[in-house]
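In the UniProt record's numbering, the protein residues as written are 1 to 445.
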């Protein structure tokens, strides 16, 4: 499928539908089924219909038609997942839809059991690597394996899609009948789903038979075919995608209506339980004073929710600088989200200025010191008195009197102006000068 369908998809202009919901929480990663679900807007449409409109969905960076699980273990593709996490920091659920192309590119009816087991092992190993990587990057995330329903190589044998794509693929597969193909595909799905049993952060929802039940089969009306459907038959033609006039039906990919059925099944089997209602959240305060350290908002929840995800202008790091920041808070496992504007206001500062209270008139020049709690430089000003002040160096001019000084720190973008500190210094004469006439040597009589 990777080779056969890439060119056909390029013939059709497709665009993602609509804007994100309130907060992007759900990431789609994977192949053409993932990409078409994203481009068709199936998640957005179904989430809104089923009361999950606050859960936004992203797939613009992480879905590629024709991609395999083997492709997604490559560093360049894993980095795309990192980029999605960076762009949408509140993602807490990842849908992984891979493995179908690995199967279709390799399997055929001539496989013996050893070859088939080896193929399943390769696919499972790659899916495990992708899952481990996601969980290592974001331990708070949950992964949902959302794989495939039955294809239809029986009723799609007309039109250009069959001629230029599906017939070649069917021949490469060894011309399997529906039972042969479905049985092999189910074995692959079983193996991938089994990986979820080893980690409580991974779940799976099976879609086998969903299209048969929704659209019905000959002699079996819609809604009468319980999962996993009839493994002897393909999915109905009504579920299969048409791409252009005269193209006929795609043999493997569903149309938007059928994808909506799968997403509704995904909601019923997992998403509805993943994003529970009933969590109340409120900000304790949305103002903090700058002090040079990161400032985080405080949030109260009822009931208690310990694993809150808080972003500031789209970043998970708490801000330091003075300014306004758009804040979003989500709680993995809950549908609730709150938004606000967080303000870091300039911090208050004080000045420590403790000059001597008195000096003798003949005191040598001395350096005065003053410090602001902010660490910003303090300006000293001599307002009056018998001295000069150059920088912080005070030089008396030999006269007695009173010096009046101020220490000032006007603040900056992060700090408020400090309260000005005023101090007085008495300049005193030397005591020896006051009394030196009392000790004159009198002449002898």
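Every residue gets a Cβ at the ideal spot worked out from N, C-alpha and C, and that includes glycine.
In three-state terms, what does DSSP make of residue 334?
Of the three classes helix, strand and coil, the one that applies to residue 334 here is strand, per DSSP.
Whole angstroms are fine: how far does the CA of residue 321 sit from the CA of residue 425?
Approximately 39 Å, taken between the alpha carbons.
When we look at the beta-carbon of residue 30 and count the other beta-carbons within 10 Å, is it buried (16 or more) or exposed?
Counting Cβ neighbours within 10 Å, residue 30 comes out buried, since at least 16 surround it.
Just confirm the distance between the C-beta atoms of residue 203 and residue 270, as a whole number of angstroms; I'd bet it's less than 8 Å.
The Cβ separation is near 5 Å, so the contact holds.
Please report the straight-line C-alpha distance between residue 403 and residue 287, rounded to a whole angstrom.
One C-alpha to the other measures close to 42 Å.
Give me the Cβ distance between residue 154 and residue 178, rounded to the nearest whole Å; I'm assuming they're in contact under 8 Å.
Indeed, because the Cβ distance is near 6 Å, the residues count as touching under 8 Å.
For residue 490, which residues of its own chain have a beta-carbon under 7 Å away from its beta-carbon, when the five flanking residues on both sides are left out?
Here the chain comprises residues numbered 1 to 445, so residue 490 is not present and cannot be evaluated.
Could you say which of 110, 191, 127 and 162 lies nearest to residue 180 if we only look at CA atoms?
The shortest Cα separation from residue 180 among 110, 191, 127 and 162 belongs to 110.
Does residue 111 come out as helix, strand or coil in the three-state DSSP assignment?
Three-state DSSP puts residue 111 in coil, outside helix and strand.
Where the alpha helix (DSSP H) containing residue 183 begins and where it ends:
Where residue 183 is concerned, the enclosing alpha helix (DSSP H) stretches over 178 to 195.
Give me, in chain order, the residues of the same chain whose beta-carbon lies closer than 7 Å to that of residue 37; leave out the 5 immediate sequence neighbours on both sides.
Around residue 37: 28, 43, 259 and 263.
May I ask you to report which of helix, strand or coil DSSP gives residue 409?
Residue state, collapsed to three classes: coil.
Taking just the CA atoms, how far does residue 310 sit from residue 326?
When rounded, the distance between both Cα atoms is 10 Å.
Collapsed DSSP secondary structure at residue 351 in the structure displayed
The answer is strand: DSSP assigns residue 351 an E or B state.
With residue 279 as the anchor, note down where its beta strand (DSSP E) starts and where it stops.
Unbroken run through residue 279: none, as it is neither H nor E.
Does the distance from the CB of residue 22 to the CB of residue 54 come in under 9 Å?
Cβ atoms of residue 22 and residue 54: closer than 9 Å.
What's the gap between the Cα of residue 266 and the Cα of residue 97?
About 12 Å.
Residue 407 versus residue 414: straight-line alpha-carbon distance, rounded
Counting only the Cα atoms, residue 414 lies some 20 Å from residue 407.
For residue 185, tell me which candidate among 195, 101 and 293 has the shortest Cα-Cα distance.
Nearest C-alpha to residue 185: 101.
Please report how far the alpha carbon of residue 431 lies from the alpha carbon of residue 362, in whole angstroms.
Their backbone Cα atoms lie some 12 Å apart in a straight line.
For residue 231, three-class secondary structure by DSSP
Reduced to three states, the DSSP call for residue 231 is coil.
Roughly how many angstroms separate the alpha carbons of residue 446 and residue 306, rounded to a whole number?
With the chain running from 1 to 445 in the structure shown, residue 446 is simply not present.
Classification of residue 351 by the beta-carbon crowding that lies within 10 angstroms, buried from 16 upward
Result: buried.
Quick check on residue 156: does DSSP put it in helix, strand or coil?
In the structure shown, residue 156 sits in coil (DSSP, three-state: anything other than H, G, I, E or B).
Rounded straight-line distance, which links the Cα of residue 58 to that of residue 25:
Residue 25 and residue 58 have their C-alpha atoms roughly 8 Å apart.
Quick check on residue 80: does DSSP put it in helix, strand or coil?
In the structure shown, residue 80 sits in a helix (DSSP, three-state: H, G or I).
Kindly indicate the opening and closing residues of the alpha helix (DSSP H) around residue 70.
Residues 69 to 72.
Looking only at its own chain, which residues have a Cβ that is under 8 Å from the Cβ of residue 293, when we skip the five neighbours before and after it?
Correct list, in chain order: 320.
For residue 238, name the three-state secondary structure that DSSP assigns.
For residue 238, the secondary structure class from DSSP, reduced to helix, strand or coil, is helix.
Going by the DSSP bridge assignment, what does residue 393 pair with across the sheet?
Note: residue 393 sits in a beta bridge opposite 367 and 390.
List the DSSP bridge partners of residue 202.
Looking at the DSSP output, residue 202 sits in a beta bridge with 143.
Could you have a look at residue 250 and say whether DSSP puts it in helix, strand or coil?
Correct three-state label for residue 250: strand.
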